[in-house]
Each structure stands twice: as structure tokens, then as C-alpha cells.
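Have a look at the structure below, then the notes.
Number of protein chains: 2
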Amino acid sequence: MRISIHQTHHTVAAFDDIFKYLKQAVGDSKEDTLHLLPELFLTGYPLQDLCLQRSFIDAYLEFQKEINDWSTSLQKQNTCFLFGGLDYQFCGDTDGVPRNIKNVIYKLIPGQKIEAIYTKKLLPNYDIFDEEKYFTKGDKTGVLNFCNHKIALLICEDMWHSSVHQIDPVSDLESLNQKFDLVVNLSASPFNLHKNDKRTQRSLEIANRLNAPYVYVNRVGGEDEILFDGNSFCVDGTKEVFNLKSFQQDMIELECPIYNGEKSLINSKIENTWEGLFSANLIDTQNGHIPKLKPLDDNLCQSIVDALCFGVQEYAKKSYFKKFVVALSGGLDSALVLALLKLSLKKGQELEAIFMPSQYTRDISYDASKEMCKRINIPMHVIPIMGAHNYFRDMFKEKVGESIEGLTDENIQSRLRGLLLYARSNQSDALVINTSNKSELAVGYSTIYGDSVGAISLLGDLYKSEVFDVSRYINKKYGEIIPVEIIDRPPSAELRADQEDTDSLPPYDRMDAILEGILSYRLSGKKLVELGHDPIEVETVLNLYRKTEYKRIQFCPIIKLKSKSFGFGYRVPITKDSTYYMKS
Amino acid sequence: MRISIHQTHHTVAAFDDIFKYLKQAVGDSKEDTLHLLPELFLTGYPLQDLCLQRSFIDAYLEFQKEINDWSTSLQKQNTCFLFGGLDYQFCGDTDGVPRNIKNVIYKLIPGQKIEAIYTKKLLPNYDIFDEEKYFTKGDKTGVLNFCNHKIALLICEDMWHSSVHQIDPVSDLESLNQKFDLVVNLSASPFNLHKNDKRTQRSLEIANRLNAPYVYVNRVGGEDEILFDGNSFCVDGTKEVFNLKSFQQDMIELECPIYNGEKSLINSKIENTWEGLFSANLIDTQNGHIPKLKPLDDNLCQSIVDALCFGVQEYAKKSYFKKFVVALSGGLDSALVLALLKLSLKKGQELEAIFMPSQYTRDISYDASKEMCKRINIPMHVIPIMGAHNYFRDMFKEKVGESIEGLTDENIQSRLRGLLLYARSNQSDALVINTSNKSELAVGYSTIYGDSVGAISLLGDLYKSEVFDVSRYINKKYGEIIPVEIIDRPPSAELRADQEDTDSLPPYDRMDAILEGILSYRLSGKKLVELGHDPIEVETVLNLYRKTEYKRIQFCPIIKLKSKSFGFGYRVPITKDSTYYMKS
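Protein chains in written order, with numbering that gives the first Met the number 0: chain F, 0 to 583; chain S, 0 to 583.
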């Protein structure tokens, strides 16, 4: 038996494209071949409420009917396609509301209707995952016989174990005491920076426990903030047999691998407690030093560059944009965003920068921005905001009778830039890419409707310290794209004279370590102080963090790089009594 | 035995206030009294990720310890308090990550430690509810013996039934075949307009099935978009024994009611399928007429006024604002928002309007706005935007070399207003209340960072047709607050000469009916046309709806009035292939 791995890349609900791919693959298939495609291949993932909307349901049922009509009309062939899809059951007839929606593996054999042969048992429901909201879990083990091979079936999360739900699909397979020739896992597993190692380690364990090679098929796609990286692979018990590409459609066909491991006594059932999935990415927490954020090494920096370039292009493609516009400030965040966009650029796409100086903008900001745009050969429009700024100051004095000062004055400048940036976006049909980083977001160091605007955020899951790491890496790897003055100068919002970020915030290296303790949900304020952080700095950071949910709730989608990020999976009430933050 | 119902109102995680209430209530208690307090009384609800954050966990564990120290120090008394709280179990010691978090009923008897006596079985996980994400469900029936009474225990959703999860706590109690003297349900049940009738109906059914009076205790609170209305009640089998107030703390103490019903053969297990909870609020769908949105009667209008006034005050209180500011346009939405705020105003609070005319603003807009502010006796600042508008037009031409036209020009005006409104908010420390309605949100008929700004939305769950209903009701009930010219004039954004909403959109009565079909998830485009809607109008609406998720994702919290609303419970991907909307 041969196996064929299809690491597919389709837009959610692009039924025409999906059908086209399937027809092509079936047409090209050889005899005695098992084809493996990702989880929910027929629909894409995540669907969220789409799977409850009548328009979607009707279109999907029609699509399924078309597949069956086509498949039954085909000439019989000994080839088998396994792909993910939804299996609806309704209250009453198919016009009724869905009673059960199952996340299943369909089997397609030419000449026959498709058949649901396995239902996902372990529905992930932590962080960004809401599968228990939509899907009904299965309770039957999945085993397929094809070409004299006995094939064990899993869908994505099934490879893990949850003591909370007392569900353990791998142990269920083990307890069948059968000799499997292959274990397959059809997945739609979101990317994060440290996930691949975890996946491979657990896969080796499963191969050893079930005495069979393990094939993992993952989809590719950028769905707003969530990326699917592909990276499909196979382990034969001791090593990887193949590993497909990251962030692009890929395929491989080969003879079914043979189990090469020894029966080992691994019994490390990893438990998926919610919080257990997240760990604080800190070093020096144990040895008496103040904890520090773990710096990003070159491999991680490259993954970040790949992920962000892929993610922003996916968003642009699906929103029908071919131009990008960035507000360049002379600071590092906007420079890194511009560099990433330049690296991501495809043929026929355009990128431009807008520089909007105020009376507080230093010369170095202009010079460095101009130099950067020159290096990457893109236009930079200069639109000063002093005139409008003064106009508003005067008008407020005249019309409202109160002068504009302090924070009000700073915010006006930031919002003027937001307005001009979006005017340019409207004018040139360009997608506005946000330039906020995770540290700023965490402490609300940005102006809502001002510098926080944008359609999608590239840096919203990177602390400022990590923005430095990635910037230096890019300069090392791709030539000095970002002028070194931008990297070396002290960070500043330039909204008043001589302003520096450290006027309001602790230095980023210390603040980011405090934030990682808090945002990983692992460390309380009290604990952070016990670990050696300065009590005043901890209080400053906690105080800013707890008061600024209202800004994060209106923020754009953030491309997710970590296991715990702001965005869809971060669900915290805006209003609450948070005085306890200061006590515990 | 006496029972005492405590319909409490505390901010989430306000441990000090909660403790104070408990101490007071225990101090005041008489012998032989069963005190009933809401679900998660000890923490508030919803908590979302808070219950995973180490700061919260540490503070809560400390709080529990304080309660136990205090309770054990009390003199023994035959009085019993039942209240909701969290019961944590950890991986390893209490420093570990939570393994299980249970939503339980605690029993407090003076002189003893508190004891968890029942764990919620049916965890709601649809729409805004994510309880399966955080909590581990119980599997034991809850029965308490106190004062020779046998008391059956339920927590909130337990009173319903889910065929999907095969969980039916009421049937579990029934199958014990015991004689209960009382059934109690401690709840934290969010408000929506049609919920009370459903609750009462089901409660009568439960009382009849279990042959016992049924007491329902609900909390009060406004948690961002979600309101808890209280409305605690008791049914004795045939009728309501009492019904506490809406949207305010309340209390009643009385002799334990006696079952007054006859054993009836009600067996209508209501099934909580996800979609089954929502229904399209339409009339005339069956009799050959084109479906229409069901108009709001006076009772519903009053509920809406009560809910919105309560909700906005809760948000303001918890965000520490005492002033409100609204951008008044001369249109009905902003006028209704202003009227609602005026009705909600408490002693010491201030309200002001800002009127920001452009060259397209008609005289009637100014006159009617001024008249309204006069009627409700609040200041109206007039800040014209023509000057700044022209300034930007000229600057763009000069600096970018392209003139500003069409949509770009319209959006600049809207964003100028957003900027000025927020400058005034910064300057006067006033909370900006958003003025968008549900129809606008659904079709994206607003400018992001422009007229869509605000901290919280009052009308985001009301279609434009319903904005008319509520406005007319307010004028009838509270004197003519809103000048009739504002209600009668054709809706217009006034962003270009002679603009009216119907230039871009179908008339609101027809559009709202189409939207309700779509947003209730019940009707596809094809079905809407079959029901008699104009195909062009359906296509227009669907086309605008599918393309505008990116606006809704950055919108502020919307006070929730309906069973299905935009906001936290509405989860739809921004990017997807939505061509199927046009086909099915």
C-alpha cells in the first residue's frame, strides 16, 4: 500500500476550490493508495458560528450532495481518500436546527458515496478553541481496513489526553490490543513557536505505544489571527520519515512506512489542563536572579518572520488588498513592521510608508525613516500634523472655552495620525498594518483610535524585547534593512518634548519579564516581588495592565505566535474589582 | 423553616464587599432560616480567564480562608446559608495549575467551615457562555436536609436539559423518588427580553414534576455587555409566590412556601440545542406576506429602557466615570442615546452633547439638537468640522498629490468627529457613549474610528426600526424628550450633499426583517427570497453583511438585549470565502 499526504491550503468555505482539488487528486490517484487530507478539509477551520448559520449549512449540504453524485459516478478503483468534514444531524428534517454537528473523517472510495467512519473524541475547548460549543464528541474507536492494512484513526486533539474530560483516544486504541500497520492523525492544528517539538515527541510516544508508524497531516492557512503551518510529518517509531514544508501547500507519496521502534515503556500521558498548556517563558526564575524573558534564538526569529509574512499575506489575499500602508514614526516597531511587509511582498503588490511629524518629532526620526524607505525602495509620504494640531488647539479654546493640555494634547496628535493614515488607506485602497507591540498592548501604552489603529497586527504577540531580537535577526539575515540608529535609540512616543517611554514605564527588559509572569497567568504580583522584581515596578505594570482591557477589546486581530496571546483566546472582563491584583 | 432570598449586587471579584454582605447577613439571621444567595456569589460572574490567573486564584483562596476562620469563630446557630462559589483542585499543591474548577453551592452554618455540597452539572457553553472551557461538571445529585426539610439543589442551567450532552439534572432529581419540600436554584442568569416568561414556565413545570415549590435566586449586575436582572421568584406549583425587583439588589424573607399544585403530566423537556435557543423575531413568515420584524410593545420598550439605563450606569460606575458625552448629529440614534442617558442620570453625574456640523449638515439638525438639549437641560458644545475638513483636503492635495473624494472624503468627516469627541472626553474626563444601531453594525454602515467610536454601545442590539419604537415610547412615557422632527425626518449620515440612508440601503423596515432572518442564523438568502423579499435587496444586505466583520471585530461592547446579539457571543471569522451567501 502507498500513502499520499495532502497538506492542503484552502480558504474557509471555498467549496468550489476544495471540490476542484478533490477531483484532481482522485483523477490522479494510483491503485492501492491511501490518501490522507487534513481535518475539516471539506470546510476549512475554524468555522465558529458559520457552522450554525443557515446559509452555510445549506451550501455545505449541497456541496456534500455534489460530492456524492460525482463520487458514485466514478469508475470503481481500489484507492481510498480520508478527509475531514462535518456531519450534521438535525432536529426534524434538514430544515430544522442542528441537533448534532460532528467533526468526522470521511472515507471516499471511487464509485461509492462518502461515508463518515470516525468522529473526533477529544474536542479542544481551551484558549482559542471552542469546539465543545459547536461539536458533539464521538465515543467510538476508529479503525479502517484497506489493502490488508489495519489503520488506526485520530483527529487532531485526539492525540492528547485530558484528565478533566477523562478522554484518552490513544489509550482507547491501545486497549483494543490489535496489530496496527499505521496510525493516522488528520489535523487542523494552529501554529505556535514551540509546538512542533511537542507534536513530534508525543508522536514518537504514540508510535511506540501502538507499535505502528504515525502520520500527522496538518492544513495550511492563515485565518485572521490563527495560522496553520502545515509541517505534516511521519515517525516510524524512532525517527521522522518525512516532514513537509512550513506555511505552504505540499504533498508527498511513498510506500507505507514500517514500524521501526522497539516496544518501549513510555507512559507519559500528557495532561491537557488548561493552564498546563501555557508556561512562563522566563529564565533565571530559580537561582536567585530576577527572572528575565527568554531571548529569541535565530531559529525562533526565522519562524516568526515566516509566520508573520505568511499571516499578513493571507489576511490581505482574503480581504482583496494588494497594497499596504504603514505609519512610520522613526521608532523600531513601525520599522520592523515595514521590514516584515517588504520581506512578504509578492509580485504586483505595493507598499508605502507615511511619515507624520509633529513639533516633537526629532530629526533622527525623519532621517532614519527616509533612509529605511530608500534602502527598501518604497515611497514615503510626509504629512506634517503641526498645522492641524494647532488648529484643533485653537478651535477647542474658542468653541469649548477650555485649552487642550497634557494627555488630551498627546492623544490628539496620535489620533490625527490615525485619521490621516486611514484617509490614505481609503484613497489608495491600501491595507493599514498596525504597529503596536505586546508590551504596549499589555500596559495600554497607546492611544485608542490613534496609533492603535490597523486591520491586523503583526507585533501584538511580541514583547518589545522580542521586537529588538527579531529586528537584529532580520538585519543580520537579510542585509541591514533597518537603520541601526532606529534600533539603538531610546524608545519614545514623541508626543511631548523630550519624552521617553521610560518616563512612564519601567525599562522594557524588566517590564517584559513582569508581563510574561502575569500574562502566562502563572505569577501573581506578590510572587513577582518574591522573585526579586522591584515592588514599585510590579505595581506600576499591574496597575496599567488591569485598567486597560477597554483598549484591548477594540484592538484589531493579532497574528498569534505564542501559546497564550491577546486576542480571541484571551477572555478577561473589562470591568471588575481588580484591587486584589495589588494584594496577591 | 423560614427562607430568605438574597438578590445580591456585587462587582466581580469585589471580595471585601462580598465578605461584608455575608457577615451582615449572618449577623442578622434568625434561627431556623435557610438563606439563599446567587450562583458564584463569592466571585461574581462571568469571570472568564480571571479564574485561571494566579493573582485571582491566590486572592480567592485567601478570601475562602478568611471566611472559614470567621465562620468557625462564630457561635453555633441553626441557620444555613447557601451560596455559589468556585471549588479549586490543583495539580500538586495549591501553587500548581488548576486541575479542576467546580462551580458549586457552598453551605455555611455558623461555627463550621463552609462546605461544597453540590457541583453544577449542566455547564452552559453556547453563545456568550464558555463554562465548559473553565469548569468541570458535577455528576452527583444535590439534596440538603435542614430543619426537617428536604431541599433539592440546582445551579442555574441545571434547570434546563441538553440532549447533546445527555444531561438532565431535573430528571435526575425526579428519579430519586423522594418527597422534596423545596427545590432551590441559585443562578447567575443573563438578561434578555423574552427570558422571564421562559424561566417561569419551566419553573412551574419543575415544581409540578418534583411536587415542591421552586425558588429561583438570581444575581444583579452589569458586566460589560451582559446584564443580570435579578427578578428572583418562587412558584408554589400553580402561581408565583413572590417576584423580586428588576435590576436592583432586593431581599425577601418568608415562611417556606408549600406545594400547591396538582401532579400534572407535563413532560415537555425543553432541549437546549444551540440554535434552538434563538428564533427569528419575525411575523408574517407563514401567511404569504413578506416577513416583518415584530414591533416592540410598551412592556418590551420599558424593559429596554430599564436595561440600558442600568447597563450604562454599571459600566460607568465600574470604570469610575461620572460624566458622559455624546456626539449629537440631529439624527434619531444619537438623540435616543442622549435621552436614555438623561433618564439614567444619578445625582452628581453630568451629561453633555457635542454637535459637530459639516458643510452638509442641514439646519434642522442643528435646530432639533439644540431644542433637545434645551428640553433635557444639558450643555451642547458646537464644534464645526468644515475648517479642519478643508484643511485636510488641501494638505492631501499638496503633500500626497492626490485629491480627496468620495468615500475617503466622507470618512474624514466622520473620523474628525471621532477625534474631537475623544479630545473632549479626555479633556472633561467623560465617558463616550457610542450611538450605532444594530442595523448599521450589520451592514457596516458606519466609519471605523469615526462614528463607530465609544466605550460602550446602548443601541447595538436594536435594529433601526426598534430605535423608532423605543424613541416613540420614551416620548409617550416621559414627556416629549426627543423633538418629533428628529423622529420623522428621513435617516441620513449627512456626509455628502442630499445624502439619505436609502441611497445605499433598502428601507429600514424591509432591511431589518432581512437582517433578523440572517442574524438569527435561521434564514438563508435563498429562503428570504422564497419568503417574498426582493432579491436585489437581499443580495445588497448579504453583500454588505459578509464584508464587514472587520468593523464589528473592533467595535465596543454592546449591551445585550436579545438572545442572539453581536458581541462576545457572536463568533464569525473575518476572512472566509463567502460567495456561498449569494447562492444559498
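Every residue, glycine too, gets a C-beta built ideally from N, C-alpha and C.
- Taking a Cβ-Cβ threshold of 7 Å, the residues of chain F close to S:E131 are N124 and E131, in chain order.
- Across the set S:G110, S:L46, S:D511 and S:D171, the C-alpha of S:G110 shows the shortest separation from the C-alpha of S:I66.
- Going by beta carbons, S:A58 and F:Y579 fall inside the 9 Å limit.
- Every beta strand (DSSP E) stretch that sits fully inside the segment 338–417 of chain S and reaches 3 residues is listed by chain position as 349–354 and 379–381.
- Neighbours of S:E401 in chain F, taken as residues at a C-beta separation under 7 Å, are given in chain order as Q426.
- Judged by beta-carbon spacing, S:G524 lies within the 9 Å limit of F:S54, meaning their Cβ atoms are closer than that value.
- Between F:I485 and F:S456, the C-beta spacing is not below 9 Å.
- Pairwise C-beta distances place the segment 425–444 of chain S in contact with the segment 531–546 of chain S, as three or more of them are shorter than 8 Å.
- Rounded to the nearest whole angstrom, the CA to CA distance from S:R509 to S:Y20 is 50 Å.
- Residue environment: F:I363 is assigned as exposed (fewer than 16 neighbouring CB atoms within 10 Å of its CB, all protein chains considered).
- Rounded to whole angstroms, F:L121 and S:C255 show a C-alpha spacing of 45 Å.
- Separation of the CB atoms of F:N217 and F:S188 is rounded to 5 Å, and the pair is thereby assigned contact status at 8 Å.
- Within its own chain, the residues whose Cβ lies closer than 6 Å to the Cβ of S:N242, once the five positions on either side in sequence are excluded, are F232, listed in chain order.
- Exclusion of the five residues before and after S:K463 leaves N436, S438 and Y507 as the residues of its chain whose Cβ lies within less than 6 Å of its Cβ.
- Taking F:L295 as reference, the option from F:D16, F:T7, F:E465 and F:P534 with the minimal CA-CA separation is F:E465.
- By the 16-neighbour rule on beta-carbons within 10 angstroms, F:I557 is buried.
- A straight-line Cα-Cα distance of about 19 Å links S:L36 and S:W69.
- The beta-carbon of F:Y359 is placed no less than 9 Å from the nearest beta-carbon of chain S.
- The beta-carbon distance between F:T140 and F:D171, rounded to whole angstroms, is 5 Å. This is short enough to meet the 8 Å contact definition.
- With the criterion set as a beta carbon lying under 8 Å from some beta carbon of chain S, the members of the segment 406–422 of chain F are L406, T407, N410, I411, R414, L415, G417, L418, L419, Y421 and A422, in sequence order.
- F:P556 reaches chain S at I552 and I573, counting residues in chain order whose Cβ is nearer than 8 Å.
- Membership of S:I100 in any alpha helix (DSSP H) is not indicated; the residue belongs instead to the beta strand (DSSP E) covering P97 to L107.
- The segment 173–241 of chain F is shown to contain whole alpha helix (DSSP H) runs of 4 or more residues at 194–209, in chain order.
- Apart from sequence neighbours up to five positions away, the residues of its chain that approach S:L415 with a beta-carbon distance below 7 Å are I384, A387 and H388, ordered along the chain.
- Runs of the alpha helix (DSSP H) lying entirely within the segment 63–90 of chain F, each at least 4 residues long, are absent.
- With respect to the C-alpha of S:F82, the residue from S:C90, S:R98, S:K64 and S:N102 having the closest C-alpha is S:N102.
- Of the candidates F:T118, F:L292, F:L143 and F:D366, F:T118 places its Cα closest to the Cα of F:C155.
- Under the Cβ distance rule, F:P45 counts among the residues neighbouring chain S, one pair being separated by less than 9 Å.
- Residue state for F:T539 is assigned as helix, using DSSP reduced to three classes.
- The beta carbon of S:A492 does not come within 9 Å of any beta carbon belonging to chain F, so the residue lies off that interface.
- In this structure, S:F277 places its C-beta atom within 9 Å of the C-beta atom of S:Y520.
- Rounded to whole angstroms, the Cβ separation of S:V182 and S:L153 is 7 Å, and the two are in contact under 8 Å.
- Ranked by how close their Cα comes to the Cα of F:V452, the residues F:D468, F:T434, F:L458 and F:V469 have F:T434 in first place.
- Within the segment 387–398 of chain S, contact with chain F at the beta-carbon level (separation under 8 Å) is assigned to A387, Y390, F391, M394, F395 and K398.
- Taking F:E401 as the centre and dropping the five residues before and after it, the same chain places no C-beta closer than 6 Å to its C-beta.
- Counting only runs of 4 or more residues that sit fully inside the segment 493–562 of chain S, the alpha helix (DSSP H) segments are 507–518, 524–529, 534–545 and 548–551, in chain order.
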